[in-house]
Structures are given as structure tokens and as C-alpha cells.
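S.K.: Below you'll find the structure I mean.
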Amino acid sequence: MAKTYRVGTGTRLVNHVFRAMTRLGLGKGYRHVLTVRGRTTGRPYSIPVDVMRNGDGRWLVAAYGITNWVHNARAAGEVEIARGRYRETFRVAELAPEDSVPVLRQYLREVPITRAYFDVTPDSTDERFAAEAARHPVFQLISDTAHA
Numbered sequence: 031m032a033k034t035y036r037v038g039t040g041t042r043l044v045n046h047v048f049r050a051m052t053r054l055g056l057g058k059g060y061r062h063v064l065t066v067r068g069r070t071t072g073r074p075y076s077i078p079v080d081v082m083r084n085g086d087g088r089w090l091v092a093a094y095g096i097t098n099w100v101h102n103a104r105a106a107g108e109v110e111i112a113r114g115r116y117r118e119t120f121r122v123a124e125l126a127p128e129d130s131v132p133v134l135r136q137y138l139r140e141v142p143i144t145r146a147y148f149d150v151t152p153d154s155t156d157e158r159f160a161a162e163a164a165r166h167p168v169f170q171l172i173s174d175t176a177h178a
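End of the sequence shown = 178 in the numbering used here, gap-free, step of one.
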């Protein structure tokens, strides 16, 4: 049974540290600061996230489940990711469960610290990974500059 993500003092402290490190360009290369407009307040909210890359494609994985940033990204339809001096705004498209499988597999391989929040292992079947997408949605990051 997967762990449930809870936001408490420890989580806020860790997020604060990772957000500060990532803004300086420190830490794992896949870590970025996600900023998304709140769905009810309209205010920007920022949280550290892991961006998966494969070729030219980039994806966000909701590693801790359907949290506020997921609801906000769905409502806003766009997010900003930043790392060090790099900053870019993207449209987001939520992948269908079957399309999420390779991204979720890559995520579990590259970010093992979050495995406890998943009900799959790297050896699980594609069907199990597709089922996991309901709890851990995957968003494709779509750059408007790539289509200009």
C-alpha cells in the first residue's frame, strides 16, 4: 500500500530548502520550481517538482498524488518551470493513462525517493502502471516557442 502524502512542518521545510536550492541551480538536474496560478485565488504558487525529459519531450509527474498543484495546473492550463536562471512558461496537457506508462517508468527509475508513494515497482506490468496514472497524473509540457 502506497504512502499518503501529508503536508506538515517537515514537508514545508524540505520544500523550502529544495525551492531555494533549485532557484540557485543546485541539486539534481531534473528538479525545477513549478509556479502555477491558483484556481480560486489567482495568486501564483511555487513548489519544487521533478521534470522528466526524453529527447525533446518534457513531462511533470504528480509523484505525491493529486495535490493542489495538479488541480491548479488543470484549471490554469499552463505552468512556469524555473531552475537557476532558466525560466519558461508551458501549456500543459494531461496524458491518457496508457500514454503515461513510459514516463512513470522513467520517473520511478530516476527518482527512487518517491517510490513509497506508488503502488507499482519498476518491474510492474504496463497495465499496473496505466492504473497508477489515475493517482499520479502525468502532464506533457508544451512550449509555445517550439511551435512558433
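Just so it is clear, CB atoms sit at the ideal spot from N, CA and C, and this is done for glycine as well.
Values in this document were obtained by computation on a predicted structure and should not be read as measured data.
Check this for me: beta carbons of ARG158 and VAL150, under 7 angstroms apart or not?
M.R.: The residue given as residue 158 occupies position 128 in the sequence shown. The residue given as residue 150 occupies position 120 in the sequence shown. For ARG158 and VAL150, yes; Cβs fall inside 7 angstroms.
S.K.: How would you label PRO152, buried or exposed, when you count the other beta carbons within 10 angstroms and need 16 or more for buried?
M.R.: Start at 1 with the first residue of the sequence shown, and residue 152 comes out as number 122. Result: exposed.
S.K.: Is ILE111 buried or exposed, if buried means 16 or more other CB atoms sit within 10 Å of its CB?
M.R.: Counted from its first residue, the sequence shown places residue 111 at position 81. Buried: at least 16 other Cβ atoms inside 10 Å.
S.K.: Skipping 5 residues on each side, what residues in its chain have a beta carbon closer than 8 angstroms to that of ILE172?
M.R.: Here residue 172 corresponds to residue number 142 of the sequence shown, with the count starting at 1. Cβ within range, chain order: PHE120, ARG121, VAL122 and ALA123.
S.K.: Starting from VAL63, follow the beta strand (DSSP E) in both directions and report where the run begins and ends.
M.R.: Translated into positions along the sequence shown, residue 63 becomes position 33. Run containing VAL63: 61-67, per the beta strand (DSSP E) assignment.
S.K.: For PRO142, count neighbouring C-beta atoms within 10 Å of its own C-beta (all shown protein chains included) and say buried if the count is 16 or more, exposed if not.
M.R.: Residue 142 sits at position 112 when you count from the first residue of the sequence shown. By the 10 Å Cβ count, PRO142 comes out exposed.
S.K.: Please classify HIS62 as buried or exposed, where buried requires at least 16 neighbouring CB atoms within 10 angstroms.
M.R.: As a first step, residue 62 must be located in the sequence shown, where it is residue number 32. It counts as buried.
S.K.: Cα-Cα, which of GLU128, ARG73, VAL66 and PRO78 is closest to GLY55?
M.R.: What you label residue 55 is simply residue 25 of the sequence shown in a count that begins at 1. Among GLU128, ARG73, VAL66 and PRO78, the Cα nearest to that of GLY55 is on PRO78.
S.K.: Under a three-way DSSP split, which group does SER173 fall into?
M.R.: Looking up residue 173 in the sequence shown gives position 143. If DSSP states are grouped into helix, strand and coil, SER173 belongs with coil.
S.K.: State whether the segment 129-139 contacts the segment 88-107, with contact taken as three or more CB pairs (one from each stretch) at a distance under 8 angstroms.
M.R.: Short answer: they touch.
S.K.: Please give the ranges of any beta strand (DSSP E) in the segment 101-135, keeping only runs that are unbroken, at least 3 residues long and fully inside the region.
M.R.: 108-113 and 116-124, all fully within the segment 101-135.
S.K.: Of all the options ALA105, MET82, ASN102 and ALA160, which has the alpha carbon lying nearest to the alpha carbon of ALA126?
M.R.: Residue mapping note: residue 126 aligns to position 96 of the sequence shown, counting from 1. Checked all of ALA105, MET82, ASN102 and ALA160; the closest Cα to ALA126 is ALA160.
S.K.: Taking C-beta to C-beta, are ARG69 and ALA105 nearer than 7 angstroms?
M.R.: The residue you call residue 69 lines up with position 39 of the sequence shown. The residue you call residue 105 lines up with position 75 of the sequence shown. In contact: ARG69 and ALA105 (Cβ atoms closer than 7 angstroms).
S.K.: According to the Cβ coordinates, are MET82 and GLN170 closer than 7 angstroms?
M.R.: Locating residue 82 in the sequence shown gives position 52, where the first residue counts as 1. Locating residue 170 in the sequence shown gives position 140, where the first residue counts as 1. Not a contact, by the Cβ cut-off of 7 angstroms.
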